[in-house]
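Chemist: No gaps in the numbering here: position 60 of the sequence shown is 424 in the working numbering, and each next residue is one more.
Glycine included, each C-beta is placed from N, C-alpha and C at the ideal position.
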Amino acid sequence: LERENPYDHLEQLTRRLGEGLSAAARQAGVNLQVQQCGSLLTPFFSDSPVTDFDSALMSRTDLFARFFRGMLDSGVYLAPSQFEAIFVSLAHTEPDIDKVVAAAVQVLRQQRD
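See the structure below:
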């Protein structure tokens with residue numbers, strides 16, 4: 365970790381995932397707020413910014429549950445609660461992130477229907 369300092373790379377991968385999820389939601393017409401800190405992120409189904417616990421509680425956990433199940437059916441395992449974080453690790457690659465985003469595009473389109 366000292367020699368290679370992977371933290372910038374981890375943050376870039378996480379940003380790629382967050383931006384991809386946000387873009388997929390916009391394309392599908394789904395309100396989604398993505399919060400990121402370093403290599404952690406959480407998508408919140410909300411039309412308002414999520415800045416604290418109270419605003420997180422206003423999010424649509426029913427939509428997250430549908431998203432979770434759709435992603436699981438697509439082969440992507442996310443934390444099952446909207447109040448947990450997605451962890452990106454050094455084992456993840458850009459193609460891995462792109463596969464998750466591609467699955468999210470399909471799942472979010474289905475949620476709109």
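Tell me which same chain residues have a C-beta within less than 7 Å of the C-beta of residue 414, skipping the five on either side of it?
Modeler: Answer for residue 414: 397, 399, 408, 420, 423, listed in chain order.
Chemist: Give a yes or no on whether the C-beta atoms belonging to residue 470 and residue 438 are separated by under 8 Å.
Modeler: Cβ distance < 8 Å, so residue 470 and residue 438 count as in contact.
Chemist: Residues in its own chain within less than 8 Å of residue 392 by CB, not counting five upstream and five downstream?
Modeler: 469, 472, 473, 475, 476, listed in sequence order.
Chemist: In the stretch 371 to 403, which residue ranges form an unbroken alpha helix (DSSP H) of at least 4 residues, counting only runs that do not cross its ends?
Modeler: Segments of the alpha helix (DSSP H) lying fully in the stretch 371 to 403: 371 to 392.
Chemist: Using the C-alpha atoms, what's the distance from residue 368 back to residue 430?
Modeler: So the two alpha carbons sit approximately 39 Å from each other.
Chemist: Helix, strand or coil for residue 408 per DSSP?
Modeler: The answer is strand: DSSP assigns residue 408 an E or B state.
Chemist: State buried or exposed for residue 389, treating a residue as buried only when at least 16 other CB atoms are found within 10 Å of its CB.
Modeler: So residue 389 ends up on the buried side.
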